[in-house]
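I have placed the structure first, in the form of structure tokens, so that the comments after it can refer back to it.
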Amino acid sequence: MPSTNRLDRLGTLARRLPFPLEDFDAVNRTFCRWAARREDADLELLEVWLYCYVQRFVVVRLLHLGPLGAGETDRIIGQIYDRAREFDKVAEPERFTHWLSVVCKNTYLNALRRRYQPAALDEDALLDNPVDAEPGLYEMDRAHLRHALAEAFRALPQSLRDVARMRLLEQRPYDEIAEATGHPLPTVRTYAAKAVRRLREDPNLRATGEALGLLPAE
Amino acid sequence: MNTIEQQLLLYSDLSPAEREAVDAYVQEHPEWAPLLEEAQALHALLRAAHPAEPPDAAALADYVADRALGAPDTPERRTRHATVEAALAADPALSRRADAMTETLAGLADASATPLAHFEQLTGRRLAETPGLARTRAGAPAPDRPPARVLRWHPLRLALAASLALGVLYGALALASHVAQPERALLADLGELPGDYSGLRLRGDAPADRTSDRYALALDALDDARTSVLGLFPSYDPEALDAVADQLREVVDASGETSWEGLEALYALGRIRLYQGRDAEALWALQSVVALEGPHASESRRLLDYLQQQGLEEAD
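Protein sequences, first through last, are from chains A and B.
The opening residue of the first sequence carries number 1 in the working numbering; numbering runs sequentially from there.
The opening residue of the second sequence carries number 1001 in the working numbering; numbering runs sequentially from there.
As structure tokens, then:
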């Protein structure tokens, strides 16, 4: 096994962050504040966070590809970072992290096509079928999904929210929910169905689901 | 909301018999099929919010990356790690895969700049040495500051103020010097090349062999070709630069492109030709560094991107 020291240096920048990498609420708040005031302290924090985010985004994906040429990881990180650093292109500052997830995904696929890899790989399989390079949902993607779900659930009327949370997120049985909320069983079912109908119409949740390949693009 | 709509929206909750009935109804009334499809996709999306069990390849990569990148210890992360560790203990093949990923990660770490250096290169920022700086800037309320004391101008403070003023003046001149340089000169950054060689000198007091010696002489000549005032407004004598480029070519020919000196010389040559606007030779040298995986492959790629962009703009 490689020594811890060799790997430790990868986390040097991430350890400077004042909040967890996946705290998208904190990031979006910082971005909105920077967009409004343009203060350098916020910009520096955003840049450090962005680097750590991109680094994480790239590293977990490259672990499936095997060794790359020297400097290739930095090149891919740099290419995505430069594209994602175009903060003035963010139309909705409060949804900066969603914009970022889409930019990262698209730029990563482009960067991967130009990579230099010493060992021969089955190029066709990798490039023609990006699913091979995306073996499941990474935790950072899941964090985006949870963030979008939390926002979508917050937008539900209070009467639906509790039932939706208990049934759709916590997967509790209907009778238990009926007991917890004091609603008759048929009402709980109706509320759950109404919540599903509203959630499938939520534009932000749809956009996140589409970006992660979990919902078909409209 | 009618019964069929409710049943479609909660399809995954139905018993097998109820599903069969709903399926038959949708076949007879295909206008309901899109709603069923969308509802099922939404339920799949809701399920995806939970970590995969048993851990899939992505979960394994996250686990390996968490350990290396110093992810903060949260209850959610602890639970996720415990699930992966249990799977690793039970499945030797999965454990070998995790080991292979850790090796790959170590390889990536070895072949990359440190994140701090790479960040500084990308942004041009210089971060404070101590990680605590960002924490005070994170949006948390700033600590109360002690009241400002009345400043007394005794000689020591005057001296400090004078050196501060000189520092500010030099900073302003450095900024002017930076702005005055063409984009190519900033990218080529020839003043930084001799620093790259210091590592070789530190390993031994003198260069180890003749090609190393030639390389050292070329870099010394590059240093001599430079004129500046207090390190500001640098410029290079064109003829001297050509002579340095010839020397570097000789190093490449003598030591071979794949040797350490050959790759370093190619990189230096590429930067010199970039500075001079001799793009064809710059492209050749930098592309060789990338193709041969030289230690400066990443920087070379960045310079190649610039040259490619320039070529496109000229073509337009």
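Backbone N, C-alpha and C fix where the C-beta goes; we use that ideal spot for every residue, glycine too.
Residues bridged to B:V1229 by DSSP?
B:L1232
Q) Terminal residues of the continuous alpha helix (DSSP H) containing B:M1101? A) P1092 to D1110
task = Jot down the residue ranges of each uninterrupted alpha helix (DSSP H) in the region 7-69 of chain A, minimum 4 residues, whole runs only, in chain order.
result = 24-37 and 40-62
Keeping to the same chain, check which residues put their C-beta closer than 7 Å to that of A:L17; ignore five residues upstream and five downstream.
V48, W49 and C52
Worksheet item: Can you give the Cα-Cα distance for A:G213 and B:Y1011, rounded to whole angstroms?
Response: 21 Å
(request) Could you tell me whether the Cβ of B:S1112 comes closer than 8 Å to any Cβ of chain A? (result) yes
With 16 as the cutoff for other CB atoms within 10 Å, does A:T30 come out buried or exposed?
buried
Please report how far the alpha carbon of A:A150 lies from the alpha carbon of A:Y81, in whole angstroms. 27 Å
B:L1269: contacting residues in chain A (beta-carbon distance under 7 Å): Neighbours of B:L1269 on chain A: none; closest Cβ ~18 Å, over 7 Å.
*asked:* Between the alpha carbons of B:T1102 and A:L13, how many angstroms are there, rounded?
replied: 19 Å
C-alpha gap between B:G1270 and B:A1240, whole angstroms = 16 Å
Point to revise | Contacts of A:V188 in chain B (Cβ-Cβ under 7 Å) | key: By Cβ distance, chain B contributes nothing, its closest Cβ being about 11 Å from A:V188, past 7 Å.
query: Taking C-alpha atoms, which residue in A:R56, A:R95, A:E86 and A:V54 lies nearest to A:L205?
result: A:R95
Under the rule that 16 or more other beta-carbon atoms within 10 Å means buried, what is B:L1294, buried or exposed? Note that residue 1294 of chain B corresponds to Gly in the displayed sequence, not to Leu. It is buried - the Cβ of B:G1294 has at least 16 other Cβ atoms within 10 Å.
inquiry  = Please classify B:T1079 as buried or exposed, where buried requires at least 16 other C-beta atoms within 10 Å of its C-beta.
reply    = exposed
Discussion item. By alpha-carbon positions, which one of B:P1054, B:E1257, B:G1231 and B:E1192 ends up nearest to B:L1222?
Written reply: B:E1192
In the region 60-88 of chain A, which residues sit with their C-beta less than 9 Å from some C-beta in chain B, listed in chain order?
V60, R61, L62, L63, H64, L65, G66, P67, L68, G69, A70, G71, E72, T73, D74, R75, I77, G78, Q79, Y81, D82 and R85
Checklist entry - Span of the alpha helix (DSSP H) holding B:D1023? => result P1016 to E1028
Indicate whether the contact test is met: 3 or more Cβ pairs, each with one atom in the region 59-72 of chain A and one in the region 1099-1115 of chain B, closer than 8 Å.
yes
If you measure between the beta carbons of B:L1035 and B:E1005, is that distance less than 8 Å? yes
Fill in: Contact set for B:L1292: own chain, Cβ-Cβ below 7 Å, skip 5 residues either direction
E1257, T1258 and L1263
What do you get for A:K89, buried or exposed, if any count of 16 or more other CB atoms within 10 angstroms of its CB means buried?
-> exposed
| query | Hey, does A:A14 have any beta-carbon neighbour from chain B nearer than 8 Å? | reply | yes
Quiz item: Just the Cα atoms here: how many angstroms apart are A:Y108 and A:G71?
Solution: 16 Å
Which of the three DSSP states, helix, strand or coil, is assigned to A:P203? helix
Cα-Cα, which of A:E179, A:G69 and A:D74 is closest to A:L10? A:D74
Q | Exposure of A:Q79, with buried meaning 16 or more beta-carbon neighbours within 10 Å | A | buried
So which residues on chain A does B:V1244 lean against when the C-beta distance must stay under 9 Å? Ordered by position in chain A, no residue passes the 9 Å Cβ test against B:V1244, which lies about 24 Å from the chain.
| query | Should B:T1114 be labelled buried (16 or more other beta-carbon atoms within 10 Å of its own) or exposed? | reply | exposed
B:A1082: buried (16+ other C-beta within 10 angstroms of its C-beta) or exposed?
-> exposed
* Spatial neighbours of A:Y191 within its chain, please: CB distance less than 6 Å, with the 5 preceding and 5 following residues excluded, ordered by chain position. => L160 and V163
Range covered by the alpha helix (DSSP H) that runs through A:G78: E72 to A84
* To do: Pick out whichever of B:Y1215, B:L1303, B:S1298 and B:H1296 has its Cα sitting closest to the Cα of B:A1282.
  => B:L1303
| field | Exposure label - A:D122; buried when at least 16 CB within 10 Å | value | Low confidence applies here, because A:D122 scores a pLDDT of 48, under 50, leaving its location unreliable; read the following figure in that light. Burial call: exposed.
Going along chain A in order, which residues have a C-beta closer than 8 Å to the C-beta of B:A1052? G136 and L137
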